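Per the numbering used here, the very first residue in the sequence shown carries number 23; after that it's consecutive.
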Amino acid sequence: MARKFFVGGNFKANGSIKSIQGILDNLNNAKLDPNTGMLPLPAPVVISPPSIFLLTTAEKASNGIKVAAQNVFDKPDGAWTGELTVKMLTEHNIEWVILGHSERRTIIKESSEFVADKTKAALDGGLSVILCIGETLEEREAGKTVDVCCSQLQAVVDKVSDWSKIVIAYEPVWAIGTGKVATTEQAQEAHEAIRKWLASKLSQGVADGTRILYGGSVNEKNSGELAKQPDIDGFLVGGASLKPAFVDIINANL
Ligand code: PEP
23 MARKFFVGGN FKANGSIKSI QGILDNLNNA KLDPNTGMLP LPAPVVISPP SIFLLTTAEK
83 ASNGIKVAAQ NVFDKPDGAW TGELTVKMLT EHNIEWVILG HSERRTIIKE SSEFVADKTK
143 AALDGGLSVI LCIGETLEER EAGKTVDVCC SQLQAVVDKV SDWSKIVIAY EPVWAIGTGK
203 VATTEQAQEA HEAIRKWLAS KLSQGVADGT RILYGGSVNE KNSGELAKQP DIDGFLVGGA
263 SLKPAFVDII NANL
């Protein structure tokens, strides 16, 4: 099955009612690449606002745009102060969740096992998952890029067998929010290695069908070259998803 282009926008803890309405107006009225999306995940574009804006974003998003939470808890309703459960999201038409973002792994200290537990709970409850992985600069310089990414994936492989609702986002930590984008060669090399690893651990079908997005300082200028790489199936975009030029990144293949 051909992998179709997919773009996620991670707003992180940015935005106001007014600015998010402006982003939505821009996206709802934009001419978006009709070739994005893939059944059973018909999601050309997924945007992920802070949790307080999820409902209004889900209500107002049109033009095929889906909404993702930036996190979810791995347990059902209960005494988990500050958390959102999977059911709360699905009940409100939030179909996606971003898990394992490096800011949560490094700042909030989420372990790969916890990310895997949350991935399993999200999938079991009917969400689709953008699963983020990636190495630090120190790990890259020590030649550990592929090992680190694969060990983050292994934690999920240990708990999840159906990968049809997972999109992987390879996001080198040193490239996130730094303006330092990975070269097309660095990104393609990592994506290819991750895909080979998926084939060896799961199956060739999973490797061929799973989209691997690149994330890390993607903008409207570098997205075109990155999108041409055979193993780059789209982007997870942070800072640039807040700007009008996000549309150009979504349309990088046009
Ligand atoms: C991200 O937050 O997932 C990200 C890739 O951020 P940025 O595009 O700002 O580097």
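Glycine included, C-beta positions come from ideal geometry on N, C-alpha and C. Keep in mind that this is a model prediction, so the values were computed, not measured.
Same chain, Cβ closer than 7 Å to residue i, five either side skipped, listed in chain order
i	result
Val203	Ala197, Gly238, Ser239, Val240 and Asn244
Arg126	Asn93 and Glu132
Pro64	Interpretation of Pro64 is limited by its pLDDT of 39, a score under 50 that renders its predicted location unreliable; no figure is taken from the coordinates.
Ala35	Pro72
Thr200	Ser239
Close Cβ partners of residue i (< 8 Å) along its chain, the five nearest in sequence each way excluded
i	result
Thr232	Arg25, Trp185, Ile188, Val189, Ile190, Arg217 and Leu220
Test item: CB-CB of residue i and residue j under 9 Å
i	j	result
Glu193	Leu258	yes
Ile254	Ala215	no
Gly300	Phe33	The structure shown has nothing for residue 300, since the chain only spans 23 to 276.
Gln176	Lys250	no
Gln174	Val228	no
Gly30	Ile129	no
Ala52	Val269	yes
Neighbourhood of residue i by C-beta distance below 6 Å, restricted to the same chain and skipping five residues each side
i	result
Cys154	Gly122, His123, Ala191 and Glu193
Lys97	none
Asn50	Ser84 and Asn85
Val67	Val29, Ile87 and Ile272
Met60	At Met60, the pLDDT of 41 sits below 50, so the modelled position is not reliable and the matter cannot be decided from this model.
Phe95	Trp102, Glu105 and Thr107
Environment of residue i [buried if 16+ CB atoms lie within 10 Å]
i	result
Leu276	exposed
Ile69	buried
Thr167	buried
Gly156	buried
Trp118	buried
Asn115	exposed
Pro71	buried
Leu159	exposed
Delimiting residues of the alpha helix (DSSP H) encompassing residue i
i	result
Ala143	Ser134 to Asp146
Leu46	Ile39 to Asn50
Ser70	Not the alpha helix (DSSP H): Ser70 falls in the beta strand (DSSP E), residues Val67 to Ser70.
Lys218	Thr206 to Lys223
Gly238	From DSSP, Gly238 is part of no alpha helix (DSSP H); its letter is neither H nor E.
Ile272	Phe268 to Ile272
Val228	Gln226 to Gly231
Element boundaries [beta strand (DSSP E), containing residue i]
i	result
Val151	Ser150 to Ile155
Ala91	Ile87 to Ala91
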